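Numbering (my numbering), first residue to last: 97 to 540. Built from N, CA and C at the ideal position, the CB exists for glycine as well. For clarity, every value in this text was computed on a predicted model and none was experimentally measured. Worksheet: the structure to be examined is printed underneath.
Set out below in structure tokens:
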């Protein structure tokens with residue numbers, strides 16, 4: 097059960113301090129897409145390659161994996177992200193056996209069809225999503241809550257993403273989001289957050305959260321009031337819309353319950369949250385503030401996308417696709433297009449907000465030094481190196497392997513050879529990326 101706010105968890109980036117292993121100067125963000133076991137195994141391969149990559153940061157030799165600060169995930173990728181956050185290197189010892197090479201679909205089906213669960217499923221207060229959360233807890237998470245992550249106080253800070261069913265917007269499992277519900281995330285089971293993040297429509301029911309009335313202990317975040325004005329609506333419509341969405345949670349009378357579905361429905365690559373943090377000072381987890389304060393010198397964003405990219409052959413047939421085909425198109429095609437737009441938008445905004453102004457400033461300072469050597473430039477812009485590293489099936493060198501991977505279903509049961517191919521491919525695509533090589537070279 098969710099408890100009314102005491103905010104004891106404080107599950108936010110600032111709670112996860114840097115230490116001798118992790119330094120702020122190199123800030124590494126991972127995003128894991130949806131796609132069932134396919135996505136979980138692909139992202140597992142990326143983590144394994146990061147573990148095998150040695151770098152030098154803050155004058156110390158370490159694994160690049162130790163420099164990962166944030167993992168933002170949706171759906172299938174959330175299983176890998178949450179397990180790594182809880183158990184660290186144990187991921188490489190037993191995650192394959194416990195999840196990747198297990199028939200998770202069969203295990204869940206056996207619970208649904210078990211006679212002793214029928215009375216519970218007949219209740220209006222218990223549904224398939226609750227059964228799934230119980231199964232994931234028994235399988236992987238063993239009663240762990242967000243408080244367990246906070247108490248460890250070690251990065252990465254993992255943000256599991258779901259979709260608000262009523263608004264079609266992202267819902268992030270972090271305290272800042274739960275503050276809007278006047279709720280404490282700390283005691284909430286990680287298994288239920290993962291279940292919400294992977295609650296694919298029709299197959300699983302939505303997961304429901306209680307939205308508590310706002311009393312005297314509630315205060316609206318300052319950025320919301322600043323963003324709700326006509327000028328912001330014109331100049332920054334994305335910020336204005338974010339503030340509008342945030343305010344819908346503040347009225348518990350009109351929205352006493354929040355229903356969550358698969359995070360891939362609103363952001364299938366898990367990148368919109370980190371993008372907002374890099375480009376905005378709004379909210380508690382702003383990375384831009386750290387950049388402006390010169391805590392961060394290098395930002396690497398590694399987005400792991402297990403989308404198929406395959407084109408169905410429906411247009412070759414006179415008969416229209418059936419129900420299964422329509423559901424597949426409605427839920428997957430928009431997500432894939434949205435993911436591409438997210439990645440492109442991040443690159444464009446980074447160039448416009450950081451790289452181009454810095455280049456312009458350097459040119460001007462050079463001119464100033466030549467023509468006015470006694471003049472002093474009062475304040476330089478943050479010196480930031482940015483690395484955008486994509487890992488997807490489109491980057492697989494072997495055409496045969498590429499088509500084989502794109503043909504894989506998005507379920508939670510794959511053959512062992514396919515799981516191993518996904519792991520090996522995720523590692524190889526990252527290792528062969530030109531931008532990844534540039535990052536590693538710059539950190540030597």
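Closest Cα partner of residue i within the set the options
{"i": "residue 249", "options": "401, 181 and 192", "result": "181"}
{"i": "residue 453", "options": "476, 470 and 441", "result": "476"}
{"i": "residue 296", "options": "320, 340 and 356", "result": "356"}
{"i": "residue 527", "options": "137, 127, 109 and 141", "result": "141"}
{"i": "residue 175", "options": "286, 335, 252 and 185", "result": "286"}
{"i": "residue 490", "options": "382, 290 and 522", "result": "522"}
{"i": "residue 266", "options": "525, 342, 379 and 108", "result": "342"}
{"i": "residue 170", "options": "289, 275 and 208", "result": "289"}
{"i": "residue 344", "options": "385, 277, 386 and 535", "result": "277"}
{"i": "residue 233", "options": "179, 223, 441 and 320", "result": "179"}
{"i": "residue 482", "options": "351, 392, 281 and 111", "result": "392"}
{"i": "residue 383", "options": "537, 478, 199 and 330", "result": "478"}
{"i": "residue 350", "options": "308, 538, 156 and 271", "result": "308"}
{"i": "residue 387", "options": "455, 480, 379 and 113", "result": "480"}
{"i": "residue 346", "options": "315, 113 and 367", "result": "315"}
{"i": "residue 183", "options": "358, 283, 244 and 218", "result": "244"}
Length of the line joining the Cα atoms of residue i and residue j
{"i": "residue 427", "j": "residue 292", "result": "Because the pLDDT of residue 427 is 49, which lies under 50, any placement of that residue in the model is unreliable, and the question is left without a value."}
{"i": "residue 540", "j": "residue 264", "result": "43 angstroms"}
{"i": "residue 273", "j": "residue 500", "result": "39 angstroms"}
{"i": "residue 362", "j": "residue 465", "result": "49 angstroms"}
{"i": "residue 105", "j": "residue 497", "result": "Low local confidence applies: a pLDDT of 48 at residue 105 is under 50, so the model's placement there is unreliable, with the coordinate-based value given in what follows. If you take the alpha carbons of residue 105 and residue 497, they lie about 44 angstroms apart."}
{"i": "residue 338", "j": "residue 258", "result": "16 angstroms"}
{"i": "residue 128", "j": "residue 376", "result": "22 angstroms"}
{"i": "residue 99", "j": "residue 137", "result": "Reliability of the predicted coordinates at residue 99 is poor, the pLDDT of 47 falling under 50, and no value is obtained from them."}
{"i": "residue 164", "j": "residue 205", "result": "36 angstroms"}
{"i": "residue 492", "j": "residue 451", "result": "29 angstroms"}
{"i": "residue 208", "j": "residue 348", "result": "33 angstroms"}
{"i": "residue 312", "j": "residue 188", "result": "47 angstroms"}
{"i": "residue 275", "j": "residue 240", "result": "21 angstroms"}
{"i": "residue 505", "j": "residue 517", "result": "14 angstroms"}
{"i": "residue 514", "j": "residue 252", "result": "28 angstroms"}
{"i": "residue 185", "j": "residue 158", "result": "14 angstroms"}
{"i": "residue 374", "j": "residue 126", "result": "13 angstroms"}
{"i": "residue 317", "j": "residue 381", "result": "13 angstroms"}
{"i": "residue 304", "j": "residue 472", "result": "58 angstroms"}
{"i": "residue 503", "j": "residue 495", "result": "12 angstroms"}
{"i": "residue 457", "j": "residue 199", "result": "56 angstroms"}
{"i": "residue 422", "j": "residue 222", "result": "Reliability of the predicted coordinates at residue 422 is poor, the pLDDT of 48 falling under 50, and no value is obtained from them."}
{"i": "residue 520", "j": "residue 110", "result": "34 angstroms"}
{"i": "residue 60", "j": "residue 113", "result": "Lying before the first or after the last residue shown, residue 60 is absent from the chain, which here runs from 97 to 540."}
{"i": "residue 533", "j": "residue 155", "result": "19 angstroms"}
{"i": "residue 320", "j": "residue 470", "result": "45 angstroms"}
{"i": "residue 524", "j": "residue 139", "result": "12 angstroms"}
{"i": "residue 330", "j": "residue 467", "result": "40 angstroms"}
Those residues which DSSP pairs with residue i across a bridge
{"i": "residue 158", "result": "151"}
{"i": "residue 167", "result": "126 and 254"}
{"i": "residue 355", "result": "304"}
{"i": "residue 394", "result": "122 and 481"}
{"i": "residue 486", "result": "399"}
{"i": "residue 241", "result": "285"}
{"i": "residue 436", "result": "DSSP lists no partner for residue 436."}
{"i": "residue 266", "result": "259"}
Under 8 angstroms between C-beta atoms of residue i and residue j
{"i": "residue 261", "j": "residue 302", "result": "yes"}
{"i": "residue 143", "j": "residue 160", "result": "no"}
{"i": "residue 507", "j": "residue 132", "result": "yes"}
{"i": "residue 294", "j": "residue 172", "result": "yes"}
{"i": "residue 509", "j": "residue 192", "result": "no"}
{"i": "residue 146", "j": "residue 195", "result": "no"}
{"i": "residue 124", "j": "residue 396", "result": "yes"}
{"i": "residue 119", "j": "residue 394", "result": "no"}
{"i": "residue 254", "j": "residue 167", "result": "yes"}
{"i": "residue 446", "j": "residue 365", "result": "no"}
{"i": "residue 197", "j": "residue 512", "result": "yes"}
{"i": "residue 353", "j": "residue 310", "result": "no"}
{"i": "residue 242", "j": "residue 107", "result": "yes"}
{"i": "residue 371", "j": "residue 279", "result": "no"}
{"i": "residue 588", "j": "residue 256", "result": "Because the chain in this structure spans residues 97 to 540, residue 588 falls outside the shown range and cannot be described."}
{"i": "residue 334", "j": "residue 378", "result": "no"}
Any non-hydrogen atom of the ligand GDP closer than 7 angstroms to residue i Cβ
{"i": "residue 518", "result": "Looking for the ligand GDP in the displayed structure turns up nothing, as the structure carries no ligands at all."}
Residue-chain proximity (residue i, chain D), Cβ-Cβ < 8 angstroms
{"i": "residue 482", "result": "Reference to chain D is not applicable here, since this structure consists of a single protein chain."}
(Q) With three or more C-beta pairs closer than 8 angstroms as the rule, is the segment 298-316 touching the segment 210-228? (A) yes
Q) Taking contact to mean at least 3 C-beta pairs separated by less than 8 angstroms, is the segment 322-330 in contact with the segment 120-132? A) Short answer: they don't touch.
Q. Between the segment 147-157 and the segment 204-217, do at least 3 Cβ pairs fall closer than 8 angstroms?
A. no
Q) Does the count of Cβ pairs from the segment 484-491 and the segment 387-401 closer than 8 angstroms reach three? A) The answer is yes - the segment 387-401 touches the segment 484-491, with three or more Cβ pairs under 8 angstroms.
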